[in-house]
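Residues in the sequence shown are numbered consecutively from 738, following this note's numbering. Step one of this worksheet: look at the structure below.
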Amino acid sequence: METVVSGIRPTGNLHLGNYFGAIKSFLKLQEEFNCFFFIADWHSLTTHPHPDNIRNSARTILAEYLACGIDPEKATLYLQSDVRETAELYLYLNMNAGIGELMRTASFKDKARKQMHIADAESDGSVEKEIFNENNKHSVSAGLLTYPTLMAADIIIHKAVKVPVGKDQEQNMEMARRFARRFNTTYGVDLFPEPASFYMSDKAVKVPGLDGSGKMGKSEGNAIYLVDDEKTIHKKVMKAVTDAGPKEPNSKKPEVIANLFTMMEIVSSKEAYNFFDEKYNNCEIRYGDMKKQLAEDISKFCAPIRERILDIQSNEDYMAKVARIGAEKAHESAAKTLKEVRQIIGFRPE
Ligand code: ADP
Ligand code: TRP
């Protein structure tokens, strides 16, 4: 059975975008493959969270994944920091990773630029220049630079061949393939398969924000969280941006309106969608009614998940058990790989 690995940074509550963009495919994959899903708590250190936050966010995200239906009997669900072998593999991979290639990755440049407070408009060259500028008070960590090496270690430690990720991770995935290949060629072995990005469908699902334009996201401040209660959801949806309505029959929907419809397509019934689509095309649409329907349908979708989240969160023993069993299974797989790696590099296997 093919192995699938994917990691999620514990950076806040899960929202509808995370569910329909990522988790839904995890649920399908766990039925068909040998899946490892983990909470990337080491990766979250690049933004220096407070120790309490590290513990709490890992717990939150674990409960939310379980509530969504990730089944610890089917998939291995674990915390990255529980599998110390990953750190060892990261060390070995870093010995053959180039500073130059790591500095050239787009996500490093973006994040470094933000950390050094360089405006987006400035040229790429300024990132490198600022990194070497002794007078810049905002330094960029080696951890941020080697983010892709750690991600490669996460993936190849289980010899994964499929990695379900969003398009934004393509460059990190390219690095993972490169580091896997490099290990094999450096030591003349065929230990690591090259991991491929895996998309559930040709057309990536993009859950829109309801605040005008763009996607739903935590940092966009427009997210509807799976844990939100009915009142909160209602408030958020009723605030959605709309316009004065179409003037002519069958007009093209402007982005803000198209976003409402996209959301309805995702959570509502075909009938509800068609009903409002027809109203729009006849210029009879009442956005207030449409939003009410949408809020109701989103609440209907979220309510059972929310209930399970609260239930699971109150069951500390269950969560601890899931984390322990996940850690054991992931450790077993990682330890096997590391035994081979150590031997290949020239260390004692144990
Ligand atoms: P956020 O953008 O809220 O910080 P992450 O970057 O942590 O979310 O994304 C976690 C996963 O959820 C990724 O696989 C990403 O592609 C997916 N995802 C996030 N937002 C959306 C969205 N609006 N539509 C579809 N998928 C999304
Ligand atoms: N880099 C991923 C993100 O930002 C998270 C991640 C860490 C990951 N390690 C991984 C994803 C391994 C897939 C496989 O979302």
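All C-beta atoms in this analysis are idealised placements derived from N, C-alpha and C, irrespective of residue type, glycine included. All figures in this text were calculated on a predicted structure; none of them were measured in a lab.
- The distance from the Cβ of T784 to that of N831 is about 20 Å, inconsistent with a contact at the 8 Å cut-off.
- Below 8 Å, enough C-beta pairs join the region 953-964 and the region 748-757 to call them touching: three or more.
- In the three-state scheme derived from DSSP, where H, G and I count as helix and E and B as strand, A897 is classed as coil.
- With three or more CB-CB distances shorter than 8 Å, the region 889-902 counts as touching the region 807-826.
- Under the 8 Å Cβ criterion, the region 1016-1025 does not count as touching the region 761-768, having fewer than three qualifying pairs.
- V742 sits in a strand when the DSSP states are folded into three classes.
- The alpha-carbon of D1054 is positioned some 27 Å away from that of K765.
- For a cut-off of 8 Å, the C-beta gap from L814 to G1063 is around 5 Å, short enough to register as a contact.
- Each residue's CA atom was taken as its position, placing S934 and E1077 some 25 Å apart.
- A residue is called buried when at least 16 other Cβ atoms come within 10 angstroms of its Cβ; T740 meets this threshold and is buried.
- S1005 sits close to D1034, with the two beta carbons spaced by under 8 Å.
- If you compare the alpha carbons of K874, L947, F845 with that of D905, the shortest gap goes to F845.
- What you get when you keep residues with a C-beta closer than 6 Å to any heavy atom of the ligand TRP is V742, S743, G744, R746, A777, H780, M888, D891, I892, V900, V902, Q906, N909.
- Residue environment: S794 is assigned as buried (16 or more neighbouring CB atoms within 10 Å of its CB, all protein chains considered).
- No Cβ-Cβ contact shorter than 8 Å links R792 with M1056.
- Between the beta-carbon of M912 and that of V900 there is about 12 Å, and that puts the pair past the 8 Å contact cut.
- The ligand ADP never approaches V1004 closely enough for any of its heavy atoms to be under 7 Å from the residue's Cβ.
- When distances are taken from the beta-carbon of S956 to the heavy atoms of the ligand ADP, the shortest one is below 7 Å.
- When only Cα atoms are considered, K1058 and C805 end up about 18 Å apart.
- Using a Cβ distance threshold of 8 Å, Y1024 and T969 do not count as a contacting pair.
- One thing to note: K1028 has its Cβ within 8 Å of the Cβ of V974.
- Set against 7 Å, the gap from the CB of V942 to the closest heavy atom of the ligand ADP is smaller.
- Its Cα nearest to that of G954, the residue F757 stands out among S743, F757, F1084.
- Within the DSSP secondary-structure output, L826 pairs in no beta bridge.
- Just measuring C-alpha positions, the residue of R1079, L1031, E957 sitting nearest H971 is L1031.
- Residues of the same chain with a CB within less than 8 Å of the CB of A1072, apart from the 5 flanking positions on each side, are E822 in chain order.
- In its chain, beyond the 5 residues on either side, M853, I855, N873 have a beta carbon closer than 7 Å to the beta carbon of E867.
- At a threshold of 7 Å, K1029 does not count as near the ligand ADP, since its beta carbon sits no closer than that to any of the ligand's heavy atoms.
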